[in-house]
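Reading through the structure tokens given below for one structure.
Structure (structure tokens):
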């Protein structure tokens with residue numbers, strides 16, 4: 056062990072005084088954190104492959120089985136071709152985004168990394184904000200790229216049956232894939248920050264996405280419609296759909312607004328608890 | 006300088022830190038001692054802003070930790086608990102920390118070199134041994150070239166070479182005028198490292214003084230006596246209220262509660278022959294055990310049997 060007499064070096068001048076560190080530094084640092092663990096790559100590879108594969112598979116099966124399809128199924132394709140392309144890939148891909156969102160925050164607690172993080176960034180809300188922005192933008196960019204690539208794959212596959220062109224009326228459905236995934240990622244990140252437990256947060260959010268969001272519509276009457284409409288992931292998902300579900304009470308953009316509001320309220324709660332709780 | 010003022014931390018009914026006040030001065034190594042559960046780690050976490058105090062304050066040069074701009078350039082900390090994501094490489098872990106502080110990237114390589122981890126910089130830290138993890142934590146603490154270092158059990162898991170390295174490093178840093186606050190459960194390590202001691206038990210301050218004064222104040226003076234008239238000496242010492250214990254040395258006795266001159270005068274007055282009369286230097290370990298015997302969270306009775314070996318190389322008066 057070559058012990059040096061001093062650790063004084065010219066490259067790290069001592070800082071002094073008070074005030075905030077540059078927010079830009081926190082963004083760069085959180086980006087380093089996200090890109091330097093394998094779970095990020097595995098989750099994003101799973102998202103991209105699953106989404107693009109299903110964007111091809113569902114249209115392909117539809118074309119192959121077209122003759123056996125019922126008139127209702129055939130009518131559905133003409134009514135909502137984009138939903139047929141993106142729907143199944145989104146259903147699978149959203150799970151990868153939810154898992155990664157949870158990992159980004161909850162794994163800090165399971166590994167103890169949160170202590171290093173908060174020593175470096177004692178203004179906890181600024182740290183949470185930086186983390187949220189970096190992760191949401193990452194998912195938004197990847198989500199939009201796969202949305203449009205997947206759309207063109209599906210469009211080519213469908214060519215013999217139907218011509219799907221983007222226009223001002225339906226571009227929202229494609230663009231909505233990235234919007235939905237980005238908001239879902241942020242929602243999962245917040246759930247991870249609230250629960251501070253990877254397995255618990257993943258279980259909770261998967262249960263919400265796959266079970267609760269559907270079971271809720273079995274509640275009879277107007278209450279059931281309200282609960283179904285305002286359940287966060289249901290509300291957000293309609294941004295990707297041409298037609299609203301039968302029992303849906305608000306418009307696509309209003310639904311996305313409800314999802315965003317849920318996320319904002321939980322984010323504020325997570326920020327409050329982050330400051331209050333011991334690390 | 007670190008100033009802890011009337012600091013209290015409660016967890017439900019348990020008071021981990023109980024109205025603690027002390028100051029850690031620059032330019033010397035301040036050892037932070039206490040039995041398990043005494044509140045050392047909690048106190049350090051309160052100073053570092055990781056936990057919120059129930060009342061009181063902990064200030065660093067007059068500021069709360071959270072009010073320091075680029076805190077890692079001001080205070081370097083090594084926590085006892087693991088604070089690294091095992092899936093991230095050592096280099097990227099330090100790069101993250103450097104970027105939050107505006108510390109240049111080449112400084113990351115410098116501190117990895119300094120702690121001897123350059124060869125495993127790109128390896129994920131989940132494969133690191135306890136000692137390597139400790140070295141990475143020290144690299145993180147030194148990253149911002151801080152004027153204050155707060156280290157919780159830094160030699161934990163290090164091999165003897167690493168222990169020596171830490172000792173020399175801390176002394177060099179203190180010599181540069183930095184403030185070094187270091188906890189340890191290894192009393193002998195503190196005896197050769199620390200200049201000043203802060204001792205706590207059950208969250209309360211027990212002692213705050215230089216190492217030499219601590220030993221003088223809290224250790225019984227002991228004298229090794231060799232005499233062919235052991236029974237008579239025992240009886241005479243017993244009359245004075247001194248304690249006499251056998252040693253595993255051939256026929257030698259240890260007398261505590263007295264001094265060598267007093268024993269010599271007593272022997273002369275009674276006409277007892279002495280073959281040896283040697284004052285023993287108490288070690289920090291013994292002084293510490295004496296102080297914390299009553300206050301330790303897991304206080305236990307000393308094991309019966311012959312008295313422990315006294316004095317020795319680790320003794321320091």
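Residue numbers (this note's numbering), protein chains in the order written: chain D, 56 to 334; chain F, 6 to 322. Don't be surprised by glycine CBs; every beta carbon is placed ideally from N, CA and C. These numbers were taken from a predicted model, which means no experiment stands behind them.
Check	Outcome
Based on the DSSP output, what are the partners of residue 24 of chain F in its beta bridges?	Partner(s): none; residue 24 of chain F has no beta bridge.
If you follow the alpha helix (DSSP H) that residue 95 of chain D is part of, which residue opens it and which one closes it?	93 to 119
Suppose the cutoff is 6 Å on Cβ atoms and the five residues either side in sequence are ignored; what does the same chain contact list for residue 247 of chain D look like?	157, 160, 161, 256
Quick one: grab the DSSP three-state call for residue 117 of chain F.	helix
Going along chain F, which residues have a C-beta under 7 Å from residue 176 of chain D?	105
What are the residues of the stretch 231 to 244 of chain F that lie near chain D, defined by any Cβ-Cβ distance shorter than 7 Å?	none
Taking the beta carbon of residue 96 of chain D as the centre, do at least 16 other beta carbons fall within 10 Å, making it buried, or is it exposed?	exposed
Answer with yes or no whether the minimum CB distance from residue 87 of chain D to chain C is below 8 Å.	Included in the structure are the protein chains D and F, with no chain C among them.
Using 8 Å as the limit for Cβ to Cβ distance, is residue 252 of chain D near chain F?	no
Thinking C-beta only, is residue 39 of chain F closer than 8 Å to residue 403 of chain F?	Here chain F covers residues 6 to 322 and nothing more, so residue 403 of chain F does not appear.
Quick check: the Cα distance between residue 232 of chain D and residue 123 of chain F, rounded to an integer number of angstroms?	44 Å
Note down, in chain order, all residues in the stretch 83 to 100 of chain F with a beta-carbon under 8 Å from any beta-carbon belonging to chain D.	84, 86, 87, 88, 89, 90, 91, 92, 93, 94, 97, 98, 100
Are the beta-carbon atoms belonging to residue 201 of chain F and residue 48 of chain F less than 8 Å from one another?	no
Checking the sheet assignment: what are the DSSP bridge partners for residue 186 of chain D?	DSSP, once it has assigned bridges, lists no residue as partnering residue 186 of chain D.
For my contact list, residue 285 of chain F and residue 227 of chain F are in at a C-beta cut-off of 8 Å; report their separation, rounded to the angstrom.	4 Å
Rounding to the nearest angstrom, what Cα-Cα distance links residue 131 of chain D and residue 318 of chain D in this structure?	32 Å
In chain F, what lies closer than 8 Å to residue 238 of chain D by C-beta?	Those within 8 Å of residue 238 of chain D in chain F number zero; the least Cβ separation is about 26 Å.
State yes or no: is the C-beta of residue 293 of chain D within less than 8 Å of the C-beta of residue 201 of chain D?	no
Quickly, what does DSSP pair residue 231 of chain F with across the bridge? List them, please.	F:281
If you draw a straight line from the C-alpha of residue 141 of chain F to the C-alpha of residue 310 of chain D, how long is it?	48 Å
Is the CB of residue 43 of chain F under 8 Å away from at least one CB in chain D?	no
Can you confirm whether the stretch 95 to 113 of chain F touches the stretch 62 to 71 of chain F when touching is taken to mean that 3 or more C-beta pairs between the two stretches lie within less than 8 Å?	no
DSSP state of residue 16 of chain F, grouped into three classes?	strand
Using a cut-off of 7 Å between C-beta atoms, extract the partners of residue 98 of chain D located in chain F.	Those within 7 Å of residue 98 of chain D in chain F number zero; the least Cβ separation is about 13 Å.
In the structure shown, what three-state DSSP assignment does residue 334 of chain D receive?	coil
Which class does residue 253 of chain F belong to by DSSP, given the choice of helix, strand or coil?	coil
Start and end of the beta strand (DSSP E) containing residue 188 of chain F?	184 to 188
From residue 327 of chain D to residue 333 of chain D, what does the alpha carbon distance come to, in whole angstroms?	12 Å
Just checking my contact of residue 189 of chain F with residue 166 of chain F at CB under 8 Å: how many whole Å lie between their CB atoms?	Actually they are not in contact, since the Cβ atoms of residue 189 of chain F and residue 166 of chain F sit about 17 Å apart, beyond 8 Å.
Going along chain D, which residues have a C-beta under 9 Å from residue 70 of chain F?	174, 177
Can you list the residues of chain F that residue 141 of chain D reaches, using a CB-CB cut of under 9 Å?	Chain F residues near residue 141 of chain D: none, gap ~32 Å exceeds 9 Å.
For the stretch 124 to 143 of chain F and the stretch 192 to 210 of chain D, state whether three or more C-beta atom pairs, one from each stretch, are separated by less than 8 Å.	no
Can you round the beta-carbon distance between residue 165 of chain D and residue 253 of chain D to whole angstroms, since I take them to be within the 8 Å contact cut?	5 Å
Quick one: does residue 57 of chain F have its CB under 8 Å from some CB of chain D?	yes
DSSP beta-bridge partners for residue 230 of chain D?	According to DSSP, which records beta bridges pairwise, residue 230 of chain D is partnered with nothing at all.
Any idea what DSSP makes of residue 157 of chain F, helix, strand or coil?	strand
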